[in-house]
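**Q** Pasting a structure here, questions to come.
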């Protein structure tokens, strides 16, 4: 009996969380500071108020560093943790997926769900409509061009573009590693 009660309470909590996080907080009429409070109430590790409207968060397994900007209409599928560093800029309609499925049998190819952590380190700039797939780590100071699909790790201080995303240029960095100089040189 207690199992049934526990499962029922868990379902009710998920529905309430969904209503507040992906309904009220994501509304265009909700002020950013109220959005921030709602995210904190539902145990999201959020250290910035710069999260704009219509963003979707599938769970609370997300950490967003201070000074980070999340633009409108972003999608965070966090079956496993999504960790976003400090001073990251995420453009509109970015999709970050921290899960996939095992390949199932022919009658149902999408098998058991499996989570793989996604990490975006400090200072990155993620362009409009970028898709970041499970298990990816984007190194400090990277720029990911609009429309790219990131399937593999990105080394720090590079410009990545394409489907799948490939490193196009190196970006020189200052000694402290927090600021990038916009002097790019072609790789290879």
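In the working numbering, the protein residues as written are 38 to 225. Just so you know, even glycine gets a beta-carbon here, dropped at the ideal spot from N, CA and C. Just so it is clear, the structure is predicted and the values come from calculations on it, not from any experiment.
#1: Please decide whether residue 124 counts as near chain D, where near means a Cβ-Cβ distance under 7 angstroms.
#2: Count the C-beta pairs between the region 125-138 and the region 85-105 that are closer than 8 angstroms, then say yes if the count reaches three, no if not.
#3: Leaving out the 5 sequence neighbours to the left and right, which residues in its chain are closer than 8 angstroms to residue 187 when beta-carbon positions are compared?
#4: Are the CB atoms of residue 163 and residue 120 nearer to each other than 7 angstroms?
#5: In whole angstroms, what is the alpha-carbon distance linking residue 79 and residue 70?
#6: So what's residue 57 in DSSP terms, helix, strand or just coil?
#7: Can you tell me which of 110, 96 and 68 puts its alpha carbon nearest to the alpha carbon of residue 118?
#8: Let me confirm a value: residue 139 is counted as buried when at least 16 other C-beta atoms fall within 10 Å, else exposed. Which label applies?
#9: Cα separation between residue 165 and residue 183?
#10: Name the DSSP bridge partner or partners of residue 113?
#11: Would you identify the three-state DSSP class for residue 43, choosing helix, strand or coil?
**A** Well, looking at it:
#1: As a matter of chain content, chain D is missing from the structure shown, which is built from one protein chain.
#2: yes
#3: 167, 168, 169, 170, 173, 175, 181, 197, 201 and 202
#4: no
#5: 15 angstroms
#6: helix
#7: 96
#8: exposed
#9: 5 angstroms
#10: 94 and 133
#11: helix
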